[in-house]
Every structure is written in structure tokens, then in C-alpha cells.
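The structure appears right after this line, and notes come after that.
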Amino acid sequence: MSLPVIQDSSGTQEDPLDLMDEIDVLKKERDVSILAHFYVDGEIQDIADYTGDSLKLARDATQVKTSGILFAGVHFMGESTKIMNPEKRVLIPDLQAGCSLAESCPPDQLAAFQQQLRDQGRDFHTVAYINTSAAVKSLVDWIVTSGNAREIIERVPQDKEILFVPDQHLGRYLMEVTGRKMILWPGSCMVHEVFSIQDLIRMKKRHPESVVMAHPECPQNILEITDVIGGTEKMRRHVMATESPTTFLVATEGTMIHPLEKAAPQHNYIPVPGIMTSSGETCACNRCPHMSLNTLQKVRDCLKNDGPEIEWQDYFATAREVLDRSLLQ
Ligand code: SF4
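For the sequence shown, my numbering assigns the number 372 to the last residue and increments by one with no breaks.
Following this line, the structure appears as C-alpha cells:
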């Protein structure tokens with residue numbers, strides 16, 4: 044099978060296989076390991092040394108032996124990698140690859156809200172989803188991923204209230220599974236927010252035997268008719284543990300189909316579409332526009348130019364204590 048030719052912004056066409064070969068040579072020359080999130084293009088995942096969700100990659104990053112790490116994902120993930128590996132060069136292919144969820148919780152607004160709660164005499168711990176900036180991580184008590192959230196929330200003393208930031212949908216789901224009441228920050232992910240409940244019900248009717256898998260960042264109405272709720276690593280483990288060929292309707296970022304097909308090719312995976320646009324087209328909203336800023340060309344250029352790089356900031360030290368306590372202990 045031949046891959047489509049890639050055209051860069053200057054119009055130059057490049058063969059993806061040549062790019063992959065070039066990346067392979069460069070990463071050895073520059074002593075760099077590549078970590079790729081499950082939401083970046085499959086061809087980047089194929090050339091990566093490590094692939095996974097945020098929790099797995101945060102842990103993998105501490106095992107890397109090379110002096111440099113290239114993180115194909117979004118900015119907050121590059122920051123977390125630098126925080127856990129201060130002595131290493133951490134490169135990311137595009138500094139503009141942000142995250143709508145992380146941006147929905149600016150650190151100054153969070154600090155002001157926490158102060159307001161303290162002024163009211165409230166005794167609370169702040170629990171942040173890993174999809175937050177390093178500046179926010181330095182303001183909180185705990186960091187969770189969709190893979191370890193339940194376990195961490197159980198570590199918050201019963202006499203404390205919980206302020207959960209930034210994802211209201213994940214927070215609501217966690218309130219349900221842990222039985223703990225939480226003050227929810229009103230943030231959400233632009234990708235998981237748009238799954239269409241009507242389309243999902245229609246697809247379920249068309250494939251009555253199918254199993255619905257959804258990320259806990261999806262709104263409650265989607266989670267209510269979901270069979271398997273979990274982050275990307277849990278989804279992967281679930282399909283691997285299912286032996287008989289099954290149809291899975293998958294409500295998360297569309298690129299996730301790639302690692303699922305690789306892990307358990309016996310199944311049929313159907314991505315749940317996003318909400319219809321007003322003109323009636325089903326949009327490609329289940330692709331994260333930030334993740335898709337990562338391309339093979341940018342990975343190659345980043346290795347070649349030894350940048351962009353995540354620079355160490357003073358507040359990373361505080362964020363590191365929180366990450367260590369939450370993810371490594
Ligand atoms: S899919 Fe959503 S939460 Fe994940 S990086 Fe993209 S905007 Fe952020």
C-alpha cells in the first residue's frame with residue numbers, strides 16, 4: 044500500500060516513506076526518542092518509540108534513555124514531559140498545538156476562584172485533570188488522568204471538599220463513580236463536546252449488537268448510553284480482552300481507531316460522528332485540530348532544527364511535586 048504524498052505549506056511534495064526514513068536517521072543522530080499520543084496521525088504513531096495516553100506517556104517519559112524527547116501531542120503534554128525530565132531536551136513539533144480544555148482554565152482565574160472559596164471558609168483540595176497548563180498544575184493538590192482519576196479521588200480526605208478542574212463532564216462522571224460531591228469548573232473539550240446523541244442512537248439501531256465505547260470527557264447524555272466508559276488506554280485493553288469479533292462504536296478523537304485496529308484487528312470500529320453543521324454536513328469534529336497540527340514534516344523539521352523546545356519555568360518545580368505525588372507514587 045502506498046501512502047499519499049504530503050505537501051508542505053510551500054507546496055513541496057514529500058513522500059511519507061522518505062520522511063519516515065529521514066526521521067529514523069535524525070532521531071539516532073540527535074539522540075532523541077519519539078513519544079506519540081494516540082490522537083496524532085497513525086503514521087506518526089508508527090514511527091514513535093512510545094505511544095499511549097497521557098498517563099502512560101508521562102510514565103514512559105521517565106524511562107527514556109536518550110538525552111532528548113520529541114513529544115508528538117499538544118503543548119501541556121510537552122510541559123508535563125519537561126517537568127518530569129528537567130535534565131532532558133523536550134521538543135514539540137508545533138508550539139501552537141494547544142488544547143481547548145486546558146485553555147478553558149486560565150491560571151489567574153483559577154487562583155482567584157480558589158481565593159474566593161478560602162475567603163468563604165471552605166476547606167478543599169483542588170484536583171486537576173492532566174489536560175491543564177503547567178501554571179495550573181502548580182496551583183493544585185492532585186493531578187488525575189482518565190486512567191487513575193478514581194484512585195486519586197479516593198485519596199482525598201473525606202472531610203475536604205473537592206474543586207475539580209477543568210472538565211465538567213469528567214467531573215460529573217467522577218462524582219457518580221466515587222460518590223464524592225465536587226465543585227465543578229465549567230470547562231470542556233471541543234472535540235468530545237460535539238458527539239451527536241441522535242447519530243449515536245441511529246448507529247446503535249443500525250448495529251444493535253454493537254458495543255458503545257466513550258471517553259469520560261463526553262457529555263452525560265452520551266455516557267448514559269455507553270457500555271464501556273474509559274480513557275484511551277482502557278479502551279485499548281478492553282478490545283484486546285474481547286476475543287470474538289465485535290462492532291465497537293467509538294466516541295472519542297477519531298485517530299484513536301488506529302491504535303485500536305492495531306491492538307485488536309478482529310473487530311470492526313466505527314467512529315461516532317460529530318454534530319451536523321447547520322448546512323447538514325457531518326463535520327470532522329471528532330478530529331482534534333490541535334493534535335492534527337502534528338505532521339511527519341514537522342516532526343522531521345523539529346529534529347533537524349532541534350526545536351521548538353519547551354523551556355524550564357520556575358513554577359515547573361511546584362507542578363513537579365504534584366505530578367510526582369499523583370502519577371508516580
Ligand atoms: S481532544 Fe480535546 S482534550 Fe484532547 S487535546 Fe484536543 S482539545 Fe484537548
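Using N, Cα and C, we set each Cβ at its ideal position, and we do this for glycine too.
Remark: the shortest separation between the CB of TYR312 and any heavy atom of the ligand SF4 does not fall under 7 Å. For ARG363, the enclosing alpha helix (DSSP H) starts and ends at 359 to 366. The C-beta distance from PRO259 to SER189 rounds to 5 Å, short enough to fall under 8 Å. Separation of the CB atoms of LEU100 and GLY350 is rounded to 20 Å, and the pair is thereby denied contact status at 8 Å. Burial check for ALA257: the Cβ neighbour count within 10 Å reaches 16 or more, so the residue is buried. Approximately 5 Å separates the beta-carbon atoms of ASN337 and ALA115; this is inside 8 Å, confirming the contact. Beta-bridge partners assigned by DSSP to SER76: ILE112. Under DSSP, GLY230 takes part in a beta bridge, and its partners are ASP210. Nearest to LEU206 by alpha-carbon distance, out of VAL183, HIS212, VAL220, is VAL183. When beta bridges are read from the DSSP output, THR275 appears opposite no residue. When the five nearest sequence neighbours on each side are left out, the beta carbons in the same chain lying within less than 6 Å of the beta carbon of MET225 are those of ILE205, PHE207, GLY214, MET218, in order along the chain.
The alpha-carbon separation between ILE66 and ARG245 amounts to approximately 43 Å. When only Cα atoms are considered, ASP202 and VAL75 end up about 46 Å apart. Taken through DSSP and simplified to helix, strand or coil, LEU134 comes out as strand.
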